[in-house]
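**Student:** Provided herewith is a single structure, encoded as structure tokens, for subsequent inquiry.
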Amino acid sequence: MNEGLARRLGAETARFREEGVYKRLNHLEGPQGPRVRMEGRGEVLVLSSNDYLGLASRPEVIAGAKAALDRHGAGTASVRFICGTLALHRELEAALARLVGTAAALTYVSCWAANEGLPASVLDEEDVVISDALNHASIIDSVRLCRAQRRVFPHSDMAALDEALRETRGARTRLVATDGVFSMDGDTARLPDIVELARKHDAVVWVDDSHATGVLGPRGRGTAEHYGLIGEVDVVTSTLGKALGGAAGGFTAGPAEVVDYLVQRSRPQLFSNALPPAVAGGALAAVGWLEAHPEAVARLGENTRYCRARLSEIGFRPMEGDTPIVPILLGETSKAIRCSERLLDRGVFVTGFGYPVVPQGTARIRCQISAAHTREDLDFACEAFRKVGVELGLT
Ligand SMILES: Cc1ncc(COP(=O)(O)O)c(C=O)c1O
């Protein structure tokens with residue numbers, strides 16, 4: 003057996019430990035929720051999950067998953083086009099298209115796979131993809147995988163986007179790629195400007211709404227709904243692994259022709275199994291629940307405003323924004339990890355992010371708020387932040 007690789011990587015992770023940037027995995031012993039049982043810790047408050055609506059442990063979602071498991075078994079043991087498509091997939095895809103306001107949708111085993119499958123299959127050398135610098139890693143990798151020319155514009159810089167669109171005039175298709183809500187900074191894409199520029203230059207708009215589906219807009223339909231632009235975004239990708247039940251899975255939504263083409267050509271669709279029935283059934287129940295409960299989206303907004311205000315009162319400076327992603331910049335990665343460990347000692351589970359997830363020197367604690375948090379939960383968390391802020395000299 004060759005031992006060189008393991009030895010080299012072992013030495014590197016030992017260095018991560020020495021530098022205080024090693025990521026330790028915390029093991030949960032029960033369902034995700036506003037409070038969880040963590041191995042070795044007992045009950046802790048979670049301020050770090052994407053379970054924005056509290057649907058991960060919602061009885062209706064669990065019942066939907068169980069019913070699908072009973073009806074369809076564990077899975078299709080096949081990719082979609084061979085013999086792996088269930089009527090349940092069609093039903094879920096219709097519900098997702100309705101939710102985000104497009105003609106059609108196609109599910110994948112993750113939003114990572116949905117993103118990876120998009121530019122590489124619909125663009126080639128004659129085309130250009132123009133991507134925001136802070137887009138999610140899955141968009142960055144998807145762009146690297148495709149043969150189109152690439153342009154990256156500084157984060158939310160509309161003048162730079164305009165310039166990139168001017169300079170690429172003559173290309174067959176220009177695809178402008180942006181997160182709806184940026185996962186590390188918690189800000190929202192300047193979608194009205196992006197749509198206007200795209201229309202002016204005859205470009206296609208692709209929004210990854212993973213942190214916006216179920217979160218933004220009065221009915222949680224995402225960034226487009228937030229800005230009154232339902233129907234104006236060409237292609238939406240999003241995840242089923244966050245607000246929509248939190249299991250796994252993703253989808254691409256857009257015109258029927260685009261979706262049909264992806265069925266024909268997108269590699270994660272052609273060469274990878276379908277979404278498992280239990281996951282699809284849970285997600286379908288989650289979409290139904292969201293459509294019936296817009297008040298949960300409003301509660302998420304109220305909780306977010308409350309938590310941002312309390313954190314500011316006790317001396318922290320959360321990054322600007324009005325989404326439930328509330329990052330607090332701390333600088334060094336080791337500082338963010340130490341802060342997160344001290345918070346966990348006080349019963350609050352919130353992850354510190356450092357390089358390479360965010361640029362060097364911009365390590366942060368990223369709080370994520372849920373509609374399932376009570377005021378007591380948020381007060382408990384903010385009190386822990388107050389104490390740790392004083393202990394570590396952060397406030
Ligand atoms: C913006 C964005 N896109 C895509 C993904 C990937 O989603 P999934 O977990 O469904 O692969 C994430 C997950 O972190 C994300 O934040």
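Going by my numbering, the final residue of the sequence shown carries number 397, and the count climbs one at a time with no gaps. Yeah, the Cβ is synthetic: ideal placement off N, Cα and C, and Gly gets one too. Computed from a prediction, not measured in an experiment: that's the story for all the values here.
#1: How many Å lie between R168 and A96 at the Cα?
#2: Measuring alpha carbon to alpha carbon, tell me which of D164, T109, I367 and A115 ends up nearest F387.
#3: Return the first residue and the last residue of the beta strand (DSSP E) that D181 is part of.
#4: If I'm right that L242 touches G252 with Cβ under 8 Å, what's the distance once you round it to whole angstroms?
#5: Kindly indicate the opening and closing residues of the beta strand (DSSP E) around F253.
#6: Inspect the beta-carbon positions of A150 and D126 and report whether they are closer than 8 Å.
#7: To which residues of the same chain is E227 closer than 8 Å at the C-beta, ignoring the five residues directly before and after it?
#8: Sorry if obvious, but does the Cβ on N28 come closer than 7 Å to a heavy atom of ligand 1?
#9: Shortest alpha-carbon distance to V289 belongs to which of E14, E45, A67 and L49?
#10: Measuring only from the beta carbon, is H157 closer than 7 Å to any heavy atom that is part of ligand 1?
#11: Measuring straight from C-alpha to C-alpha, what distance separates E128 and A58?
#12: Could you compute how far the alpha carbon of E315 sits from the alpha carbon of A287?
#13: Give me the residue from T15, R37, E165 and P121 with the minimum Cα distance to F382.
#14: Pick from L246, A285, S140 and S133: whose alpha carbon is nearest that of F155?
#15: To the nearest whole angstrom, what separates the beta carbons of G283 and L71, a pair I think is in contact under 8 Å?
#16: Indicate the three-state DSSP secondary structure (helix, strand or coil) for A374 in the structure shown.
#17: Pick helix, strand or coil for R153, following the three-state DSSP scheme.
#18: How would you call C85, buried or exposed, if buried means at least 16 neighbouring beta carbons within 10 angstroms?
#19: What do you reckon, are the CB atoms on G56 and A311 nearer than 8 Å?
#20: Confirm the yes/no value for this check: CB of A179, any heavy atom of ligand 1, distance under 7 Å.
#21: Got a sec: does ligand 1 put a non-hydrogen atom nearer than 7 Å to the Cβ of N275?
#22: How big is the Cα-Cα spacing for V209 and T175?
#23: Three-state secondary structure (DSSP) at G317?
#24: Determine contact between the region 298 to 308 and the region 341 to 361, defined as no fewer than three beta-carbon pairs at a distance below 8 Å.
#25: Between the Cα of V178 and those of D159, A65, P361 and L313, spot the shortest distance and give me the residue it belongs to.
**Tutor:** Well, looking at it:
#1: One C-alpha to the other measures close to 36 Å.
#2: Of D164, T109, I367 and A115, the smallest CA-CA separation from F387 is found for I367.
#3: Taken as a continuous stretch (DSSP letters only), the beta strand (DSSP E) holding D181 covers R176 to D181.
#4: Contact holds; Cβ gap of about 6 Å.
#5: Its beta strand (DSSP E) spans residues G252 to G256.
#6: In contact: A150 and D126 (Cβ atoms closer than 8 Å).
#7: Excluding positions up to five away in sequence, the list reads G103, L218, G219, P220 and R221.
#8: No, Cβ of N28 sits at least 7 Å from all heavy atoms of ligand 1.
#9: Out of E14, E45, A67 and L49, A67 has the C-alpha closest to the C-alpha of V289.
#10: Result no, Cβ not under 7 Å from ligand 1.
#11: In this structure, the alpha-carbon of E128 lies about 43 Å from that of A58.
#12: Cα to Cα, E315 sits roughly 39 Å from A287.
#13: In terms of Cα proximity to F382, the closest of T15, R37, E165 and P121 is R37.
#14: If we check each option's Cα against that of F155, S133 comes out closest.
#15: With 8 Å as the limit, G283 and L71 qualify as a contact, their Cβ atoms being about 7 Å apart.
#16: Note: A374 maps to coil in three-state DSSP.
#17: In this structure, R153 counts as strand in the three-state DSSP scheme.
#18: By the 10 Å Cβ count, C85 comes out exposed.
#19: At the C-beta level, G56 and A311 stay beyond 8 Å of one another.
#20: A179 Cβ: outside cutoff for every heavy atom of ligand 1.
#21: Because no heavy atom of ligand 1 lies under 7 Å away, the Cβ of N275 does not count as near it: no.
#22: When only Cα atoms are considered, V209 and T175 end up about 16 Å apart.
#23: DSSP places G317 in coil when its eight states are reduced to three.
#24: They do not touch, by the three-pair rule.
#25: Measuring from the Cα of V178, the nearest candidate turns out to be D159.
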